[in-house]
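Numbered according to my numbering, the sequence shown spans residues 23 to 170.
Step one of this worksheet: look at the structure below.
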Amino acid sequence: MLVVCSLFSFFGCDKKRLYEENKQIPNRIWNNKNIVPFIVNIADTISLHNVYINVRNSGEYTYSNLYLFLRTAYPDGKVSCDTVECILADISGRWLGKGSGDVWDNQILFKRGVRFKKAGIYTFSYEQAMRVENLPMITDAGLRIEKQ
């Protein structure tokens, strides 16, 4: 019960957040064909927003970074694709982000000061772009959009 109350109070005070969703990677193994989509209805075309990539990894993850292909599908049908490097550990191998036990949460700024030009449905899709077909020990991937 304490955990539920803590979550409500944590998310209830987050007035900047427009959207946030995290999706679990099945069996902690991210296959390079497993696309992780986030469908967001954007109504505000005036405010500036920050867009973040959320990554949760196990301490057993064998790399210090994560490459992603991030596709954005816009309401008008246009699609853009970015290659993004998410740094998860520093040069000495110490995990970045917030840790709890063997799990590390990172929130990586993808774009700052974004103004969504059209209202409507945006789809953000992640595809792991590491040089392995099955990437172990990434447990969750997420998207956060907040007012700047």
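Using N, Cα and C, we set each Cβ at its ideal position, and we do this for glycine too.
Reduced DSSP category for residue i - H, G, I as helix; E, B as strand; rest coil
| i | result |
| --- | --- |
| proline 48 | helix |
| glutamine 150 | strand |
| arginine 116 | coil |
| serine 86 | coil |
| lysine 37 | coil |
| lysine 133 | strand |
| aspartate 104 | strand |
| isoleucine 57 | coil |
Whether residue i touches residue j by CB criterion (8 Å)
| i | j | result |
| --- | --- | --- |
| leucine 70 | glycine 135 | yes |
| aspartate 127 | lysine 45 | no |
| asparagine 87 | isoleucine 51 | no |
| isoleucine 75 | isoleucine 130 | yes |
| tyrosine 148 | alanine 95 | no |
| phenylalanine 146 | phenylalanine 60 | yes |
| leucine 165 | tyrosine 83 | no |
| lysine 133 | valine 73 | yes |
| asparagine 49 | glutamate 155 | no |
| threonine 67 | lysine 140 | yes |
For residue j and residue i, believed in contact at Cβ under 8 Å, the rounded distance
| i | j | result |
| --- | --- | --- |
| tyrosine 85 | alanine 151 | The Cβ separation is near 12 Å, so there is no contact. |
Close beta carbons around residue i, own chain, < 6 Å, minus the five adjacent residues each side
| i | result |
| --- | --- |
| leucine 157 | Trp52 and Gln150 |
Closest by C-alpha distance to residue i, when choosing among the options
| i | options | result |
| --- | --- | --- |
| methionine 159 | Asn72, Gln170, Asp124 and Arg137 | Asp124 |
| tryptophan 117 | Val154, Asp36, Arg78 and Val106 | Arg78 |
| glycine 142 | Asp98, Asn49 and Leu92 | Asp98 |
| arginine 153 | Lys100, Lys38 and Phe91 | Phe91 |
| alanine 111 | Asp104, Ser80 and Val101 | Ser80 |
| threonine 105 | Lys38, Arg93 and Ile167 | Arg93 |
Chain-order list of residues whose beta-carbon lies under 8 Å from that of residue i (same chain, five-residue window excluded)
| i | result |
| --- | --- |
| isoleucine 47 | Asn56, Val58, Ile160, Thr161, Asp162 and Ala163 |
Near the ligand NAD: residue i beta-carbon under 7 Å from a heavy atom
| i | result |
| --- | --- |
| asparagine 76 | With respect to the ligand NAD, the structure shown offers nothing to examine, as it has no ligands at all. |
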